[in-house]
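Going letter by letter, the sequence shown gives residues 1 to 227 in the UniProt record's numbering.
C-beta: ideal position from N, C-alpha, C; glycine also.
All figures in this text were calculated on a predicted structure; none of them were measured in a lab.
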Amino acid sequence: MTDKKPFIPPAVPVLYSFRRCPYAMRARLAIAIAGVEVELREIELRHKPEAMLALSPKGTVPVLQLENGSVIDESLDIMLWALHKNDPAQWLGSGVEMKDDMQLIHRNDLDFKPDLDRYKYADRYPEFSRFHYRQQGERFLAELEQRLQSNHHVTAPHFALADAAILPFVRQFAAVDAEWFESSPYPEVRQWLNRFLNSRLLAVSMKKYPPWRPGDPCLFFGGAGFS
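Okay, structure coming up:
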């Protein structure tokens, strides 16, 4: 029988990420704003590291391994983990606000994301046209447009949890047909997205790193606070 290797705790939490994945993106946004330091391991989707698969066999990013060996492999849970450690920008609201945040994020994840996938990869779903799938996604955009008319953010009076959790997906939706999006009847959504695209927070979170290989020096992300 082969002896089981002893667990060696990481010095800081280890985050497996993929730069363009919207789930991984929102996790990095929260870690950056919270100023929580992690070791960042950028992966290639075609060559997922064995170390990541050992932690989370489902093979999707983000995956966060904590110092005690426990694993968080849901992006929203990683966001909440970081923000419960430190929330300098007050992304977490009161009980009522958090309930609204979570409901809106879940609609994004359960309804809008499937519509986005079908719109983006319409050739894989020949049952309907790309136009049909875009119309399905527009139902969520219309709700966001209405919310943004009040205070230019979707739940709180300022950029907060729901904005950060949803914008990476709206970013992808807008990029499928940028010409259509620029003339679409969602001016508040466009402004909201443009503010995000031009933000320092996104620039920090989207910095490009080489794919991680076992034995590479540690590459740290977050830490020291975001200001």
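Here DSSP, grouped into helix, strand and coil, assigns Q191 to helix.
Between P22 and Q172, the gap from beta carbon to beta carbon is short of 8 Å. Counted as a single uninterrupted DSSP element, the alpha helix (DSSP H) harbouring E179 occupies residues A178 to E182.
Three or more pairs of CB atoms, one per stretch, sit closer than 8 Å, so the region 108-116 contacts the region 128-144. Counted as a single uninterrupted DSSP element, the alpha helix (DSSP H) harbouring L80 occupies residues S75 to K85. Between L76 and L40, the C-beta gap is not smaller than 8 Å, which leaves the two residues out of contact. Taking a 10 Å sphere around the C-beta of N108, we find 16 or more other C-beta atoms and assign the residue as buried. Here the C-alpha atom of L55 lies approximately 15 Å from the C-alpha atom of E42.
Contact between L201 and A32 is confirmed by a C-beta separation of about 6 Å, below the 8 Å threshold. The UniProt domain "GST N-terminal" (11-90) contains, as complete beta strand (DSSP E) runs of 3+ residues, the segments 14-17, 38-42 and 63-65 (chain order). F112 is bridged by DSSP to nothing; it lacks a bridge partner. About 4 Å separates the beta carbon of D101 from that of A162, a gap short enough to meet the 8 Å contact definition. With fewer than 16 other CB atoms across the displayed protein chains lying within 10 angstroms of its CB, G69 is exposed.
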